[in-house]
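For reference, the structure is listed below as structure tokens.
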Amino acid sequence: MLIKRPRGWEIPESQATPENLVLGRRALMAAAGAGAMLAPGVAEAQFWRRTPAADPWTRLPEDVPDLPPAMRNTRYQPGRDLSPERDAVTYNNFYEFGSDKGIWPTALRMPTRPWTITVDGMVESPGEFDVDDIIRRIGLEERVYRLRCVEAWGMTVPWTGFELSKLLEIVKPTGSAKFVRFETAQKPEVMTGLRQSWYPWPHIECCTIEEAGNELTFMPVGLFGKPLPPQNGGPFRVVFPWKYGFKSGKSIARITLTDQRPVSFWETLQASEYGFWANVNPEVPHPRWSQATERLIGSNERVPTRLFNGYGEFVAGLYSNLQGERLWA
Ligand SMILES: Nc1nc2c(c(=O)[nH]1)N[C@H]1C(S)=C(S)[C@@H](COP(=O)(O)O)O[C@H]1N2
Ligand SMILES: [Mo]
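First residue of the sequence shown: 3, per our numbering; consecutive thereafter.
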């Protein structure tokens with residue numbers, strides 16, 4: 003029997019195992035490196051063989067090197083079906099490429115390798131990191147998260163990535179760091195939306211150091227077992243699944259630790275509608291619409307929205323002493 007070396011990335015949905023990270027990262031890496039026995043649930047990723055004709059909206063993997071395999075972490079149960087991949091990668095908000103939902107063909111023109119992430123500010127070990135070096139150093143896992151856009155649509159998707167806390171362990175925030183600022187790359191050659199000079203580029207998003215350290219705060223580099231396509235924030239983004247989607251900054255080039263609360267892109271534009279915290283709450287309407295329900299992309303089914311997008315057990319404690327803040331907008 004010919005056993006192939008797993009080529010990293012993700013196991014397809016159909017081959018996912020129910021185990022909760024059955025093997026440690028080291029074991030997975032050893033199995034991959036030795037090319038001997040494949041760990042259970044680790045399969046050679048299918049996406050490498052997809053043709054552009056079949057899937058014009060995903061990225062060809064030519065420029066993405068072999069990466070470590072990832073197991074699905076079943077601690078995070080979405081409680082609803084995955085969104086169709088096609089909808090998740092062709093219905094996007096990414097203003098750098100334009101303000102409509104159909105920016106994917108333009109976004110796909112953005113090269114995602116090589117990609118350097120600068121981590122600076124209040125850290126003991128600042129640096130410039132190559133995205134693939136970080137991936138190899140930290141390792142990957144898959145998590146299925148719900149995402150709730152402030153515009154009252156939602157999706158459910160498998161991200162491949164790592165916890166932000168693992169990256170912070172490497173750079174070691176100093177005691178004075180209170181906030182984390184995420185800056186999206188500016189590539190005017192491909193990001194035609196940057197010409198709309200009335201927007202406050204670069205796109206900034208931010209959170210507190212406590213939110214950054216929460217186990218849910220995830221840095222995806224893959225989606226549906228493939229390299230994260232640029233329209234979804236490839237090669238490297240952040241997701242806060244309990245906050246409105248606009249907090250989940252895409253195509254990040256710089257992460258800065260600071261003691262000053264950053265003002266995000268959306269807060270600069272319209273602070274009354276898009277604030278710093280932006281935690282999902284069905285009972286607090288947006289000034290212009292209700293947040294009680296959401297439309298699931300793909301099926302168009304309307305479902306009730308949940309407090310903290312259903313992640314309260316993981317994150318509610320972050321806010322217990324912040325009752326005076328505008329936590330829900
Ligand atoms: N840099 C940047 N990040 C961004 C945005 C953007 O316009 N620019 N849009 C946000 C919004 S409003 C949402 S809902 C999510 C959408 O992510 P998705 O396209 O992967 O579903 O990305 C967020 N991240
Ligand atoms: Mo959004």
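C-beta atoms are modelled at their ideal positions from N, C-alpha and C, and glycine is treated no differently.
This structure is a prediction, so every number in the text was calculated from the model and none was measured.
Query: Outcome for G177 when other beta-carbon atoms lying within 10 angstroms are tallied against a minimum of 16; Result: exposed
Query: P232 (DSSP reduced to helix, strand or coil); Result: helix
Query: Inter-residue spacing [alpha-carbon to alpha-carbon] between A90 and G300; Result: 8 Å
Query: Beta-carbon proximity list for P80, same chain, < 8 Å, skipping 5 on both sides; Result: V146, Y147, R148, T158
Query: Best match in I119, I254, G100 for proximity to E207 [C-alpha to C-alpha]; Result: I254
Query: C1 beta carbon near ligand 2 (any heavy atom closer than 6 Å); Result: Any property of residue 1 remains undetermined from this structure, which presents the chain solely from 3 to 331.
Query: Beta-bridge pairing of M73 - partner residues as DSSP gives them; Result: E143
Query: Contacts around T332, its chain only, beta-carbon distance under 6 Å, and the 5 residues preceding and following it disregarded; Result: This structure cannot settle anything about residue 332, because the visible part of the chain is limited to 3 through 331.
Query: Where A318 falls, given that 16 or more other Cβ within 10 Å makes a residue buried; Result: exposed
Query: Candidates R328, G314, N283, of which the one nearest E153 by Cα; Result: N283
Query: Delimiting residues of the alpha helix (DSSP H) encompassing A109; Result: 106 to 109
Query: Selection from D261, W117, E327, P243 that minimises the alpha carbon distance to G314; Result: P243
Query: Distance between L170 and T162 (C-alpha atoms, nearest Å); Result: 18 Å
Query: G224 vs S167 beta-carbon contact at 7 Å; Result: no
Query: Between the CA atoms of W59 and K228 - distance to the nearest angstrom; Result: 12 Å
Query: Validate contact between the segment 192 to 204 and the segment 95 to 106 using beta carbons, cut 8 Å, 3 pairs; Result: yes
Query: For L166, the three-state DSSP class (helix, strand or coil); Result: helix
Query: Nearest-angstrom Cβ-Cβ length linking E144 and R74, presumed shorter than 8 Å; Result: 4 Å
Query: Same chain only: Cβ atoms within 7 Å of K189, ignoring 5 sequence neighbours per side; Result: M112
Query: Residue-level contact to chain B via CB, W117, 7 Å cutoff; Result: The question asks about chain B, but that chain is absent: this structure has only one protein chain.
Query: Nearest-residue set for ligand 2, Cβ under 6 Å from any heavy atom; Result: N95, C151, V152, E153, G247, F248
Query: 7 Å Cβ shell around V66 - same chain, five flanking residues per side excluded; Result: R115, P229
Query: Buried versus exposed call for V305 [16 or more other C-beta atoms within 10 Å across all chains shown]; Result: exposed
Query: Sequence-distant residues of its chain with Cβ nearer than 8 Å to V286 (five each side left out); Result: Q293, W330, A331
Query: Straight-line Cα distance separating Y246 from E296; Result: 12 Å
Query: Beta-carbon gap between P237 and W117 smaller than 7 Å; Result: yes
Query: Proximity winner among D68, D83, T76, L218, relative to E303 (alpha-carbon distances); Result: D83
Query: Coil, strand or helix - W203 by DSSP; Result: coil
Query: Cβ distance (whole Å) where S250 is taken to contact R239 below 8 Å; Result: 6 Å
Query: Secondary structure of R27, DSSP reduced to three states; Result: Note that R27 has pLDDT 38, beneath the 50 cutoff, so the model's placement of it is unreliable and the number below is only indicative. Correct three-state label for R27: helix.
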